[in-house]
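Protein chains in written order, with the working numbering: chain D, 11 to 167; chain V, 37 to 840.
Note that beta-carbon positions come from the ideal geometry of N, C-alpha and C, so glycine has one too.
Since the structure comes first, as C-alpha cells, the remarks are kept for the end.
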C-alpha cells in the first residue's frame, strides 16, 4: 500500500529529473562499497523447486526485476522486506550496494512501466512460508531463521 | 320504538305522529345502514385488494432488500478476496496482515457478521475476530464447488459463534499461484440481521429456500405449504384452522446472484379488520352525530304534519262535547293541511250560521205560535205561560197578581154590521190602547174573538187594580174612526186576584171570566171584581152559553110550528115558526131561557138565519107534498134586522128554497122597530119591495108612535098575549084590544091575536073584527110531523074548532 503511495508521488515529477535520478542510483549501486556492517548473516532462500544456483549479480538482477524467469522457465517471484527493515537495508547494501531508500525512485520508474515491485513480507517466517508455498519464489531471511521446506540458495555475506 | 318514548312525548305526538316518527326513523336507519353496509363492503373489497397489492409489494420488496444486501456483501467479499494482502494467505498470515485487514474492513464497513480467511488447505488463518487459529478448518459447506469462485451459503450454523448465519464464500487466488486456490475468504451475515430485514409491522413474511424449507416465519403463521402452488398461481386467500389468511408470493428475479429464495407475505384476515373497525367506529359516530339532529328533525316533522290533524280532532271532540260552534282552529300550515284547516273552519262557520238560522226560525215559529197574528199580542198560550211564571214569583215576594178579562161590548154587532175588516181594525186599535195603559212588565194578550186578557204583575194591593181598570175603560171611550164609520166602543172588565180569587192559572182565568160576565150583566162599560157568590147563577149561564156556541153546528135546534087561524073561516091560514133547543142531557130548553143568551152573545144572527132558512125549506117541502099553501111567520131579532145585509140574506134564502115571498111573514117586535124608527122604515120598505110581509110582534107593549105606524109598510099587527089573556073580563085590556083592532082596520092592517086560550076570547075577538088568532085554544106549537097530520085532517074537515 505504501508503495502505491510512493508511486503516485513520483508520478508527479518531470521526465528529465527522473532520468537523472536513475543514473545516480545506478552509479551509487555500482560504485559504492557496503556501508552496513556484516553484523549478521543472511540466508537467501528459494522454493525447493528451484534447481539453479544464484549468483550475487543474478540476485541483484532478480531484485531489480531485470530477469523474470528461472532457467527452467519458472517465473521468478522475489520476496522483499519492508523498506525500513534493517535486514533489507543490509541485503540491499550487500547485493545492490545501495540502501533501499535510494532505490525508491527506481521502483517508481518500474511501477510506471507496469512492473510491480517484489512482494513484501514483514517477517522472516513469512518469507520462508511464502517461499515454501510459491513456486519460483526467492527471498532472504536472517541466518537464524528456520528454513524448513525451503532451499537455502546462498549465504550472505 | 313507542315504548321508548317518554310519556310527555307521547302526549306531544299522537299515534299517527308516532307511527310517522317510527317509519321515518326506520327509513333513516335503513338508509344509513344500507349506505354504511355498501361503504363497508366496498371498503372491505378495497381493503382486500390493497392488502393483496401491499403483500405482493412487501414480499418482493423485502426479498429485494435482502438480495441487495446479499449482493452487496458478496461484492465486498469478492473485492476483498482480490486484495494483495490476501497473498499472505500463502504464508498462513504469519505477519497477521490479513487479520489486521479483516478487522479494519469489518470496522470500516460496519459489518454485521464476521470475515473469515482460510488458506488453501482450509485452515482458518485469519478472521475479523481475534479467535482464529490454524486448528480450525473451513466448514465443508463453505467451500465453493470446484471451478467456481463463489458460493452463497444458505442459512446454517456458524461454526465459530454458534449462531445461525448465511455466508458468502469467495475463492482467493494469487498472481503467484495462478489457477491455484490460495485460500477462501468468507463473509458471514448473521441470520438475526436477515430476520430484522424481513420483519414486518403488519403481517408476516415466510421465507423458503430453494428446496422449500422454511427459513423464516415471522411470528409463526401457519404456512400454507400445500397452497404454495396456489399462491404461485395468485390465489392468495386461504383458510387454516378457521382463520382466513391473505398471502402473496414472490421469488427473486433472475440475476447473477444465485439467490433462489421464495418469500410469502402473509396477513391474517383478522388483522385487516382494523381499518374496517375504524371505519365502523366512524360510521357509528356519524350515525349518532347525524342521527341526533335527524331525530329532532323527524320529531319536528311528525309534530308539524300531525298537529293540524290533532288540533282539528280536538276541536271536533270539543264541539261534539260542548256544541260550541264558535270553536276554530288556527290556520298554521301551508298547502293541503292549511286548506284542510280553513275548510274545517269554514264548515264550522257554515254550521254555526245554519244553526243560527234554524234557531231564529224556531224562535220565530215559537213567537208565531205564541202570538196573535192580528194584534201581535201574546195569545192565550203565552198568556197562560206568563201567568204560570208570574204566580210563583208573586208567591215568593208576597205580592199579588191581577188577571183582567176584557170583552168588548157590542163587538159582534160591529163585526156583523160593518164587516170583519172593520172588526179587525177595531181589535188592533183596542190592542194599542190597552198596551198604552199598562206597564212594560205587564202582559196584554188576545185570547180570541173580542176577548182580551191583561196580566198585572206584582201588584202590591188589590186597591191598585181598580184605577188601572178605570184607566183601561176610559182609554176605550174615545170614538174610533175606521173608514167612514165612527165607532163607539166600550168594554166589560172582569178581574180576579191572586191569591185571593184562586191559587192557580185555571181558577184565576175562570174567575176573571165570570167577573167579566157579571160586568156585562151590569150593562157593560164597567169593571167587576170577582165575587165568590156569583157562582151559582153565572155558572149555569156560563155552561149554557158554551153549549149554545156549539148547538147550531151540532144541529140541536129544531123548529116547532103554531098554526094561525082565520077567525071568520076557522081555517088555518098560517104557521109561526118557533125555535126549540134540544139540549143534550137536558131536553127541550125554553126559548125564554136561551134566546136572550143568543141575543147577548150575538149567536142570534146565525141562529136566526138558520131558523129562516129551515122554515122556508119546511114550507117548500109541505107545498111540494100537496098541503095547502099557508103563510109562514118567522121572528127576526134586532141584530138581524139591523144586520149588514138582511135583504140579501132573505133574498138568497128565498131563492135557495124556492119560497114564494108572499108566503113569508117576518115578525119584528115593536121595540126593535121603534128603537131606530127611521132606519127601520127603510128596511121594512125594502122587505116589502121584495114581496115579503112584515108583522109587528108584541104590539102594544112598546111605545109605538102611531105616526110611524102609518109610515111602516107592515101588513099585520100581532096583539100581545098580555092583553089577550084577560079579555073579555078585563075592561081595560078589552078596550085596548078593541082600539088596536079598530086602529088596524083604519090603517088597513090585519090583526092577529096571540095567546088565545079560551072560547070566550075567541068570540070576543071575532066580535071585534080581529081577522086572525093563534094560541093554545087552537093548537100549541107542534113539531112538523104533527102539523102535517093536523093540516091533512083540517084540510078534510075544514073546521077550526076541531084543531085541538
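- The residue among V/108, V/668 and V/777 with its C-alpha nearest the C-alpha of residue 786 of chain V is V/777.
- Cβ atoms of residue 640 of chain V and residue 676 of chain V come within 8 Å of each other, at about 7 Å.
- The beta carbon of residue 667 of chain V is closer than 8 Å to those of 600, 609, 610, 611, 699, 700, 701 and 729 in its chain, skipping five residues each way along the sequence.
- Cβ proximity to chain V below 7 Å picks out 87 from the segment 64–91 of chain D.
- Contact of residue 140 of chain D with chain V by beta-carbon distance below 7 Å involves 126 and 127.
- Considering only beta carbons, the part of the segment 110–143 of chain D lying closer than 7 Å to chain V consists of 129, 131, 132, 133, 135, 136, 139, 140 and 143, in chain order.
- The beta carbon of residue 133 of chain V falls within 8 Å of a beta carbon belonging to chain D, placing the residue at that interface.
- Collapsing the DSSP output to three states places residue 622 of chain V in coil.
- Counted as a single uninterrupted DSSP element, the stretch harbouring residue 125 of chain D is not any alpha helix (DSSP H), since DSSP gives it neither H nor E.
- The beta-bridge partner set that DSSP reports for residue 159 of chain V consists of V/173.
- The Cβ atoms of residue 642 of chain V and residue 588 of chain V lie closer than 8 Å to each other.
- In summary, residue 160 of chain D is buried, with 16 or more beta-carbon neighbours lying within 10 Å of its beta-carbon over all protein chains present.
- Residue-level contact check: residue 62 of chain D does not touch chain V, since none of the beta carbons of chain V fall below 8 Å from its beta carbon.
- Not flagged as an interface residue toward chain D: residue 145 of chain V, since no C-beta distance is shorter than 8 Å.
- Only 144, 145, 146 and 147 from the segment 144–164 of chain D bring a Cβ to less than 9 Å from some Cβ of chain V.
- Residue 498 of chain V and residue 775 of chain V have their alpha carbons spaced roughly 59 Å apart.
- At a beta-carbon threshold of 9 Å, the residues of chain D lying near residue 212 of chain V are 85, 87, 129, 140, 143, 144, 145, 146 and 147, ordered along the chain.
- When 7 Å is used as the limit between beta carbons, residue 130 of chain V is near these residues of chain D: 133, 135, 136 and 139, in chain order.
- Residue state for residue 800 of chain V is assigned as helix, using DSSP reduced to three classes.
- Per DSSP, the unbroken beta strand (DSSP E) holding residue 596 of chain V starts and ends at 593–602.
- Around the Cβ of residue 72 of chain D, a 10 Å sphere holds 16 or more other Cβ atoms; the residue is buried.
- Secondary structure of residue 279 of chain V (DSSP, three-state): strand.
- If the five residues before and after residue 91 of chain V are omitted, its C-beta is found closer than 8 Å to the C-beta atoms of 239, 272, 282, 283, 284, 301, 302 and 303, all from its own chain and listed in chain order.
- Excluding five sequence positions before and after residue 749 of chain V, the CB atoms of its chain that fall closer than 6 Å to its own CB belong to 720, 721 and 724, given in chain order.
- Boundaries cannot be given for residue 79 of chain D, as no beta strand (DSSP E) includes it and DSSP labels it neither H nor E.
- Restricting attention to alpha helix (DSSP H) runs no shorter than 4 residues, the segment 112–162 of chain V encloses them at 133–145, ordered along the chain.
- For residue 710 of chain V, there is no enclosing beta strand (DSSP E); the residue is part of the alpha helix (DSSP H) that begins and ends at 706–711.
- Straight across, the Cα-Cα distance linking residue 116 of chain V with residue 221 of chain V is about 8 Å.
- About 6 Å separates the Cβ atoms of residue 492 of chain V and residue 501 of chain V, confirming a contact at the 8 Å cut-off.
- From the listed residues V/321, V/496, V/405 and V/345, the smallest Cα separation to residue 376 of chain V is found for V/345.
- Where residue 356 of chain V is concerned, there is no enclosing beta strand (DSSP E), although the alpha helix (DSSP H) around it starts and stops at 309–358.
- Looking at the DSSP output, residue 671 of chain V sits in a beta bridge with V/703.
- Counting along the chain, residue 441 of chain V sits inside the beta strand (DSSP E) bounded by residues 436–445.
- A check of alpha carbon separations from residue 138 of chain V across V/128, V/152, V/530 and V/49 identifies V/152 as the nearest.
- Listed as beta-bridge partners of residue 733 of chain V by DSSP are V/705.
- For the pair of segments examined, the segment 426–443 of chain V was found to touch the segment 542–551 of chain V: the number of CB pairs separated by less than 8 Å reaches three.
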